[in-house]
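Reviewing the structure listed below.
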Amino acid sequence: MPEDLKHIADDYRWGFRDEIEPEIALKGLTPETVKKISEAKGEPAWMTEFRLKALETFFKLPWPKWGPDLSELEKKLDEFYYYVKPPAKGPAESWDEVPEEIKKTYERLGIPEAEQKVLAGVGAQYDSEVVYHKVKEELERQGVIFVSIEEGLKEYEELFKKYFAKLVPPTDNKFAALNSAVWSGGSFVYVPPGVEVEVPLQAYFRVNTAGFGQFERTLIIVDEGAKVHYIEGCTAPLYTTEALHTGVIEIYVHKNAHSRYTTIQNWPTNMYNLVTQRAVVEEGGYHMWLDGNLGSKVTMKYPSTILKGRGARSEVLSIAFAKTGQHLDTGAKLIHQAEDTSGRIVSKSISKGEGRASYRGLVKVSPRADRAKANVECDALLIDPESKTDTYPYMEIENETAQIGHEATVSRLADDQIFYLETRGLSEDEAAALIVRGFLEPVTKELPLEFAVELNRLIELEMEGSVG
Amino acid sequence: MANRLEIQDLWVSHEGKTILKGVNLVLPLGEVHALMGPNGAGKSTLGKVIAGDPNYQVEKGRILLDGEDITELTPDERARKGLFLAFQYPVEVPGVQVANFLRLALKERLGQEPPIAEFYARLKEAIELLDWDESVLSRYLNEGFSGGEKKKNEILQLLVLRPRYAILDETDSGLDIDALKVVARGVNSMRGPEFAALVITHYQRLLNYIVPDVVHVMMDGRVVKTGGPELALELEKRGYDWLKAEVAGA
Ligand SMILES: Nc1ncnc2c1ncn2[C@@H]1O[C@H](COP(=O)(O)OP(=O)(O)O)[C@@H](O)[C@H]1O
Ligand SMILES: [Mg+2]
């Protein structure tokens, strides 16, 4: 195994690695790499073309001139792996077909137990390739599609083509272009009209090769009157070299449909995490983004909802936790394009040590969006004197009847709260963690129980040795 | 000495200002003592320093809990040894549910996760004793509580955690007579050979319901007089001036 594939995982929970040698590993950002990816996946010609064009777009588009410093990333682009194929045959339908080594990895991640509980289906991504995939039989009977994005393209090409990259075209931003060129892995979900999926669909992702950029692509279509909750947990081992994650998530919420997308990401602190998430909601529909961001070196992520149809609604709830050496630039966008649309943004950030958490958000109300309502609440909690936070709330309101509220607070971890909790027997760290958990409660109470528990555990780890 | 909370010649300052000037006080297990005195005498400071508030500087003296010197211990270490302070101004902790918080605190108090059945039994008993509604358990800790509710919540914690030594700092202030009776009922239910309380109050009123074994009077950072329950009545009638004169004359 090359030196740069060695991990330094001791203090990172998911920081174990497997001794599996990948079948193909493509380094460097070139048309050659892109062609090979497309070839390895056996894609139709139009997709190869799409990828190559997107790569050109990527090179043409400027680097963002705002937000976190990406100059280090710019220098390193050719050092990343853009495609890694693990030694598995392809999507496995049952647990038995999954290779032993990979199974062990999953066992350490607790996936088999999780599956036995509430999962409707498990889409687990191992590096670029989905090796294990299963949808519960009743969902299949209802016509629900929950497969890897590759399988989506192969098996449902027409449906796929109708929606793919229509909401986030490669020209949208530099990282959407990059993802469009080298995308690999992710989920394809379709819920037919009127079908309500009661249990959440979950996908587990794991990046497992050093220097490897993960470029997952997820496409979710919720047809008229349908309902779905999609959950993604992300966690990756530590690497000696920096890593890149650039995802694109597109969600189509049709008339009167109801959808939620929940993700808690806990990246190693040398990861660039640059993700484009966008949903469009038709008349009477609803979409929630629930977004938890821990770890990473840099995160830039602004889940967006376009409220396209009359009465469409959306909520964007997010958490960011920035520690020393980390800059998390996160937020949300609400684009009101129709009458009676309403939206709510709740953003909670925590900065610890010299960490920096920025809120960057946009509320846009177009001239025809009469009676649009939007409420923005962003709260920052600073743990240490040197912790940093900033807020960039953009508003473009072109309709007089719109009702827009904005509230921003910055607070510090208060000594009197810590002392009060300590006098009840909680240690200083426990007290601080409890205060942070309380601060996040308006968002975490929306999480499924196992996720809330896991998040609280992560917060406790993050808060260890924090005060004093 | 075991089975007592003992303050020995305690001198305390805050940002260079000396607040406590040689406090001596003994609270034996099984007794309830009242601590009275005019505003600014240093009563709250004493309570907080016993609980381990890091904002105050102990210049001299010792605090002994069951014979062990706890002067250098952190507040949580003291709490785990069975010390409890009901705050004069309880602190709001948004987003933290009362039940959740109590479970964490009880876990620390017992040194292990309390069996769910025991935890709920304690909660239920305490809530009934306080004439309260179980809905309080899902509210956020002191957030949006009225002054009276905050005080009641301190007693709820006292009843669930069952400390050995409790300091109640003006738990009566701001309470109407019914709430006062409820709070007193809570404290009285704790009385017994394994419990002691130092009840800080301005008013004789509370002491009609929580009858103390001993009354201490504090002035200008010192305990200047100690007596029986009749001392509280005398202070109620005559105020503090005569005592001031007595102390000055002595
Ligand atoms: N945190 C503090 N900051 C500034 N002054 C304080 C502080 N705590 C106590 N003091 C001062 O110490 C003296 C005693 O206060 P306190 O203990 O609250 O008295 P009591 O509870 O008897 O009314 C007062 O003069 C008060 O102003
Ligand atoms: Mg006081």
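Protein chains in written order, with numbering that gives the first Met the number 0: chain A, 0 to 467; chain Z, 0 to 249. All C-beta atoms, glycine included, are put in the ideal place defined by N, C-alpha and C. Since the structure is predicted, the reported quantities are computational estimates derived from the model, not experimental observations.
Exposure label - residue i; buried when at least 16 CB within 10 Å
{"i": "R77/Z", "result": "buried"}
{"i": "I62/Z", "result": "buried"}
{"i": "L84/Z", "result": "buried"}
{"i": "T408/A", "result": "exposed"}
{"i": "R355/A", "result": "buried"}
{"i": "S127/A", "result": "Bear in mind that the predicted position of S127/A carries a pLDDT of just 40, short of 50, making it unreliable; the figure below should be weighed with that in mind. By the 10 Å Cβ count, S127/A comes out buried."}
{"i": "K64/A", "result": "exposed"}
{"i": "D171/Z", "result": "buried"}
{"i": "D378/A", "result": "buried"}
{"i": "N2/Z", "result": "exposed"}
{"i": "F58/A", "result": "exposed"}
{"i": "G142/A", "result": "exposed"}
{"i": "D168/Z", "result": "buried"}
{"i": "S183/A", "result": "buried"}
{"i": "I115/Z", "result": "exposed"}
{"i": "A244/Z", "result": "exposed"}
{"i": "D290/A", "result": "buried"}
{"i": "I176/Z", "result": "exposed"}
{"i": "Y301/A", "result": "buried"}
{"i": "E193/Z", "result": "exposed"}
{"i": "A247/Z", "result": "exposed"}
{"i": "D75/Z", "result": "buried"}
{"i": "A53/A", "result": "buried"}
Under 9 angstroms from the C-beta of residue i: neighbouring residues of chain A
{"i": "Q56/Z", "result": "Ordered by position in chain A, no residue passes the 9 angstroms Cβ test against Q56/Z, which lies about 15 angstroms from the chain."}
{"i": "A78/Z", "result": "E421, T422, R423, G424, L425"}
{"i": "E107/Z", "result": "R423, G424, L425, S426, E429"}
Chain Z residues whose Cβ lies nearer than 8 angstroms to that of residue i
{"i": "Y80/A", "result": "What Y80/A touches in chain Z: nothing, since even the nearest Cβ is about 41 angstroms away."}
{"i": "P441/A", "result": "G94"}
{"i": "F438/A", "result": "P93, G94"}
{"i": "L433/A", "result": "V92, V95, F100, L103"}
Any non-hydrogen atom of ligand 1 within 7 angstroms of residue i CB
{"i": "H13/Z", "result": "yes"}
{"i": "A40/Z", "result": "yes"}
{"i": "I18/Z", "result": "yes"}
{"i": "G60/Z", "result": "no"}
{"i": "G51/Z", "result": "no"}
{"i": "G36/Z", "result": "yes"}
{"i": "N54/Z", "result": "yes"}
Residue i versus the options, residue with shortest Cα-Cα distance
{"i": "V22/Z", "options": "L45/Z, E233/Z, L242/Z", "result": "L45/Z"}
{"i": "D424/A", "options": "K80/Z, L129/Z, V159/Z", "result": "Correcting the residue type first, residue 424/A is Gly in the shown sequence and not Asp. Considering only alpha carbons, the answer is K80/Z."}
{"i": "K480/A", "options": "F79/A, T323/A, R309/A", "result": "With chain A covering 0 to 467 only, the question about residue 480/A has no answer from this structure."}
{"i": "Y285/A", "options": "E156/A, R312/A, K64/A", "result": "R312/A"}
{"i": "L381/A", "options": "K347/A, H405/A, A373/A, Y393/A", "result": "K347/A"}
{"i": "G173/Z", "options": "P162/Z, K151/Z, L157/Z, E193/Z", "result": "K151/Z"}
{"i": "A120/Z", "options": "K16/Z, L158/Z, K224/Z", "result": "L158/Z"}
{"i": "Q96/Z", "options": "N38/Z, L103/Z, Q203/Z, S137/Z", "result": "S137/Z"}
{"i": "K469/A", "options": "S186/A, F163/A, P392/A, L333/A", "result": "Here chain A comprises residues numbered 0 to 467, so residue 469/A is not present and cannot be evaluated."}
{"i": "Y155/A", "options": "I219/A, E137/A, V198/A", "result": "I219/A"}
{"i": "S386/A", "options": "A368/A, R411/A, H405/A", "result": "R411/A"}
{"i": "V252/A", "options": "N292/A, V188/A, Q264/A", "result": "V188/A"}
{"i": "V375/A", "options": "Q402/A, R343/A, S350/A", "result": "R343/A"}
{"i": "E215/A", "options": "H228/A, L273/A, H257/A", "result": "L273/A"}
Per-residue contacts from residue i into chain A (C-beta, under 7 angstroms)
{"i": "P74/Z", "result": "F418, E421, T422"}
{"i": "R121/Z", "result": "The contacting residues do not exist; R121/Z stays about 14 angstroms from chain A at best."}
{"i": "L84/Z", "result": "T422"}
8 angstroms Cβ cut-off: residues of chain A touching residue i
{"i": "Q156/Z", "result": "R423"}
{"i": "D52/Z", "result": "F418"}
Heavy atom of ligand 2 within 7 angstroms of residue i beta-carbon
{"i": "K150/Z", "result": "no"}
Chain Z residues whose Cβ lies nearer than 7 angstroms to that of residue i
{"i": "D415/A", "result": "V90"}
{"i": "S426/A", "result": "D75"}
{"i": "L316/A", "result": "Chain Z residues near L316/A: none, gap ~14 angstroms exceeds 7 angstroms."}
List in chain order the residues whose CB is within less than 7 angstroms of at least one heavy atom of ligand 2.
The set of residues with any CB-heavy atom separation to ligand 2 below 7 angstroms comprises, in chain order, K42/Z, S43/Z, Q87/Z, D168/Z, E169/Z, I199/Z.
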